[in-house]
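Undergrad: One structure follows; several queries about it will come next.
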Amino acid sequence: MRVALFVTCLADTMVPQAAVATVRLLERLGHEVVFPEDQTCCGQMHVNTGYPDDALRLVRRHVRVFAPYDVVVAPSGSCVGSVRHQHAMVARRAGDERLAVRAEDVASRTYELSEFLVDVLGVTDVGAYYPHRVTYHPTCHSLRMLRVGDRPLRLLRAVRGLDLVELPEAEQCCGFGGTFAVKNADTSTAMLADKMRNVLTTRADVCTAGDASCLMHIGGGLSRLRAGVRTVHLAEILASTEAEPAGGAVATMPGVPCRPDAPNPGGTR
Amino acid sequence: MTRTFLGMPATAPPGVGHLRGDEPFPAAARRALSDAQLRRNLGHATATIRARSGAVIDEVPDWPQLRAAARAVKTDTMARLPELLEQLETAVTRAGGTVHWAADAVEANRIVTDLVRAAGADRVMKVKSMATQEIGLNEALAAAGIEPVETDLAELIVQLGDDRPSHILVPAIHRNRAEIREIFLRAMPGVDPTISDEPAALAAAARRHLRETFLSTRVAVSGANFAVAETGALAVVESEGNGRMCLTLPETLITVMGIEKVVPTWRDLEIFLQLLPRASTGERMNPYTSMWTGVTPGDGPQAFHLVLLDNGRSAVLADPVGRQALHCIRCSACLNVCPVYERTGGHAYGSVYPGPIGAVLSPQLTGVDDNASLPYASTLCGACYDACPVMIDIPSILVHLRGQAPHPRAEATAMAAAAYTMDHPALYAAAQRAAKLSRLAGPRGRGLPPPLSGWTASRDLPEPPAETFRQWWADR
Ligand code: SF4
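As you go down the protein sequences, you meet chains A and B in turn. Using this note's numbering, the letters of the first sequence correspond one by one to residues 2 to 270. Using this note's numbering, the letters of the second sequence correspond one by one to residues 7 to 482.
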């Protein structure tokens with residue numbers, strides 16, 4: 002299948018390894034990945050911060066860029082949520098019904114990675130190998146906007162070598178919320194502290210999720226704590242194989258020191 | 007009697023009632039967050055009520071259908087609110103009641119004060135009511151020399167503690183029982199000085215304290231959970247039974263009700279009386295459901311007044327996106343699941359309506375400019391939408407209101423510039439290459455200026471990678 006990659010601006014700029022992993026994974030599964038280079042940002046930050054007029058031009062661009070493709074995949078629940086639940090709304094608010102209809106059409110062909118693997122390709126075992134103790138944070142937009150449900154967990158359970166541990170109070174928001182983390186920094190920090198406490202109780206080496214933004218938030222907190230737990234995007238775990246293991250480069254937090262007693266990041270426990 | 011013209015939206019007036027806080031949400035939240043006792047009380051209370059509510063909701067096989075039905079009834083009600091309110095007025099009048107229309111808090115307070123004076127009373131007992139909290143009725147009555155006595159246990163704790171309510175359903179949720187015991191010892195006349203902090207002992211003390219009030223007060227003021235347009239029946243649901251005493255013992259009953267509380271028919275109650283208790287207190291049924299229609303000679307209050315309160319609701323109704331906030335049945339489920347509320351408590355919202363519904367309702371009632379920080383008091387995690395028994399899409403209203411909120415000039419400029427850049431891929435790629443944010447920001451972002459320093463105060467900013475995905479793709 003020919004798949005257009007919607008990389009998302011955050012992954013493109015800050016977490017390219019998640020996008021690279023998405024490409025490697027899809028190609029390993031035998032699909033052709035194309036990257037429409039005119040794409041930039043879905044406008045979610047603008048909409049959610051109260052700038053729907055500014056977002057309109059980004060919605061227009063997104064729809065124009067992705068309209069030609071049968072299938073669009075993004076390694077981000079949050080950005081797919083924006084495409085699915087906000088683009089048509091932004092267009093209608095501006096009185097552009099034609100754009101709204103086109104946006105709905107593109108949205109109907111846009112998938113978050115775990116949805117695409119499980120629902121469209123019908124696979125849960127992607128042949129990955131990742132010998133680490135891993136806990137999964139469901140992220141609010143994947144959980145409630147997209148209802149990805151247990152798809153990511155089914156994918157993770159099929160990964161060889163992976164020890165999946167349940168995250169207590171998993172469904173609680175990590176406190177990121179885009180500009181919320183800046184506008185309400187204290188409340189965000191309090192929420193993050195509880196999320197980190199729950200991550201640490203699992204004694205996992207790796208906390209994973211389908212959203213780079215939440216992982217950056219949680220990873221930033223864990224790094225400050227020098228907790229030694231890495232945050233790794235779900236795509237990187239699924240892309241990892243025995244032949245090509247996800248090595249030290251998988252950490253979304255390049256500056257994160259590992260726990261002194263932890264084995265080297267790419268090795269087995 | 008005045009009549010509110012529903013086609014003319016006006017927001018709730020400033021200077022009266024409790025819809026506006028003294029400071030923006032982030033500042034108020036900061037203080038609450040530093041109160042460890044408060045955070046423990048709230049975390050414990052909301053987790054308990056969440057678990058209980060979740061368990062009894064799981065028992066109902068048709069919960070999704072009930073929610074959808076409730077939403078449909080509310081949507082229909084809002085679409086013909088003027089007509090239904092006139093029908094309600096006719097039915098209440100026919101049943102021997104008197105209907106008053108109050109355009110705002112000032113007018114409602116005046117109407118109630120005049121009615122109490124006309125009844126020759128200098129004290130009223132009150133059934134817990136959000137509407138009277140909203141308009142600041144207690145303060146208005148006190149200013150007129152009339153003593154209001156709260157009879158709901160939690161509301162009484164707040165009143166005796168000279169405190170403010172912090173939750174729609176459990177106004178004293180921010181207090182634990184040791185603190186309540188201290189409030190009783192300090193402010194409740196004649197309380198046993200050796201009283202324990204057992205809930206039963208505290209409730210018994212409150213009951214003794216209130217009994218004399220129940221028997222000697224001739225006027226009661228209540229709110230209403232529902233009003234039936236078809237029959238003129240009013241309904242109050244509660245857990246303690248004190249409300250029922252207030253509704254049945256006095257000579258005069260005055261009910262202050264937001265105009266959105268009307269439902270078209272008696273049959274419609276069946277939906278809401280199933281949804282409300284399970285979503286709110288985690289009970290299968292309300293212990294006390296009181297209903298009354300006008301007056302009955304020789305039985306119960308002999309004078310009944312219904313005050314229909316607008317106070318900004320017409321303005322909410324005029325907004326096609328925001329109007330669904332009027333569907334709210336004040337169950338407080340959204341508060342109990344909200345991770346922001348759980349950590350900041352209700353006072354941080356500055357309004358009698360805290361939590362997610364408060365974050366959308368308060369700014370709509372007052373005009374967004376007066377509560378501009380509230381639509382941002384959410385991560386848009388969506389837990390409130392999932393919990394709401396009448397399916398109010400709170401996250402969408404939050405986003406909608408953010409679009410109307412006044413924006414800081416620097417932020418607006420940055421947002422416009424970002425949108426422009428992202429609409430020009432060449433500029434965007436150049437900006438990406440230039441974005442060696444780590445260098446600007448110092449190691450792990452600790453050198454960033456405010457407000458971005460808010461992020462790096464507690465989190466490390468990742469260092470930008472050596473190459474963007476775009477570069478990797480171009481090079482492969
Ligand atoms: S918005 Fe919904 S959940 Fe919140 S108090 Fe109102 S009815 Fe209950």
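We put the CB at the ideal spot given by N, CA and C, even for glycine.
1. Check each candidate in 54(A), 245(A) and 62(A) and name the one with the smallest Cα separation from residue 96(A).
2. Does the region 301 to 319 of chain B come close enough to the region 72 to 85 of chain B to have 3 or more Cβ pairs within less than 8 Å?
3. When the Cα of residue 405(B) is compared with those of 384(B), 423(B), 368(B) and 190(B), which residue comes out closest?
4. If we count the other Cβ atoms within 10 Å of its Cβ and call it buried at 16 or more, is residue 113(B) buried or exposed?
5. How would you list, in chain order, the residues of chain B whose beta-carbon sits under 7 Å from the beta-carbon of residue 52(A)?
6. In chain B, what lies closer than 9 Å to residue 241(A) by C-beta?
7. With a floor of 4 residues, list each alpha helix (DSSP H) that falls wholly inside the region 187 to 245 of chain A, ordered by position along the chain.
8. Which residues does DSSP list as the beta-bridge partners of residue 335(B)?
9. Counting only runs of 4+ residues fully inside the region 102 to 171 of chain A, write out the alpha helix (DSSP H) ranges in chain order.
10. Going by CA-CA distance only, name the one from 294(B), 482(B), 439(B) and 258(B) that's closest to residue 473(B).
11. Counting only beta-carbon separations shorter than 8 Å, does residue 22(A) have a partner in chain B?
12. Residue 362(B): beta carbon under 7 Å from a heavy atom of the ligand SF4?
13. If we count the other Cβ atoms within 10 Å of its Cβ and call it buried at 16 or more, is residue 347(A) buried or exposed?
14. Threshold first: 3 residues or longer. Then list the beta strand (DSSP E) segments lying entirely within the region 89 to 139 of chain B, N to C.
15. What is the rounded straight-line gap between the Cα of residue 321(B) and the Cα of residue 135(B)?
16. Against residue 438(B), what residues of chain A qualify as contacts under a CB-to-CB distance less than 9 Å, listed in chain order?
17. Quick check: what's the CA-CA separation for residue 411(B) versus residue 49(A)?
18. At a cut-off of 7 Å, is residue 285(B) close to the ligand SF4 when judged by its beta-carbon and the heavy atoms of the ligand?
19. The alpha helix (DSSP H) with residue 81(B) in it runs from where to where?
20. Can you tell me whether DSSP reads residue 223(B) as helix, strand or coil?
21. The alpha helix (DSSP H) that contains residue 46(A), what's its start and end?
22. If you count every other CB in all the chains shown that lies within 10 Å of the CB of residue 345(B), and 16 or more means buried, which is it?
23. Return the chain-ordered ranges of every alpha helix (DSSP H) run that is complete within the region 142 to 228 of chain B and spans a minimum of 4 residues.
24. Assuming contact is defined by CB atoms lying nearer than 8 Å, are residue 231(A) and residue 206(A) in contact in what I supplied?
25. Measuring only between beta-carbons, confirm whether residue 193(A) sits less than 8 Å from chain B.
26. Drop a sphere of 10 angstroms on the beta-carbon of residue 25(B), count the other beta-carbons inside from all chains shown, and report buried for 16 or more, exposed for fewer.
27. Nearest chain A C-beta to residue 478(B) closer than 8 Å, yes or no?
28. What are the residues of the region 219 to 244 of chain A that lie near chain B, defined by any Cβ-Cβ distance shorter than 8 Å?
29. By the DSSP assignment, the beta strand (DSSP E) with residue 294(B) in it spans what residues?
30. Strictly under 8 Å for the Cβ-Cβ distance: is residue 47(A) near chain B by that measure?
TA: This is what the structure gives:
1. 54(A)
2. no
3. 384(B)
4. Classification of residue 113(B): buried, given that the 10 Å Cβ count is 16 or more.
5. 421
6. In chain order: nothing, as chain B lies at least about 17 Å away.
7. 213 to 226 and 235 to 240
8. Answer is none; residue 335(B) lacks a bridge partner.
9. Within the region 102 to 171 of chain A, the complete alpha helix (DSSP H) segments of 4 residues or longer fall at 152 to 158, listed in chain order.
10. 439(B)
11. no
12. Yes, the beta carbon of residue 362(B) sits closer than 7 Å to at least one heavy atom of the ligand SF4.
13. Residue 347(A) lies beyond the residue range present for chain A, which begins at 2 and ends at 270; the question has no answer from this structure.
14. 104 to 108 and 129 to 132
15. So the two alpha carbons sit approximately 22 Å from each other.
16. 10, 13 and 14
17. 12 Å
18. yes
19. 69 to 85
20. coil
21. 45 to 50
22. Residue 345(B) comes out buried.
23. 143 to 149, 159 to 166, 183 to 193 and 205 to 222
24. In this structure, the beta-carbon distance from residue 231(A) to residue 206(A) falls below 8 Å.
25. Chain B, which has a Cβ nearer than 8 Å to the Cβ of residue 193(A), makes this yes.
26. buried
27. Any Cβ of chain A closer than 8 Å to the Cβ of residue 478(B) would place that residue at the interface, and such an atom is present.
28. 220, 221, 222, 224 and 225
29. 294 to 299
30. Residue 47(A) belongs to the set of residues whose beta carbon lies under 8 Å from a beta carbon in chain B.
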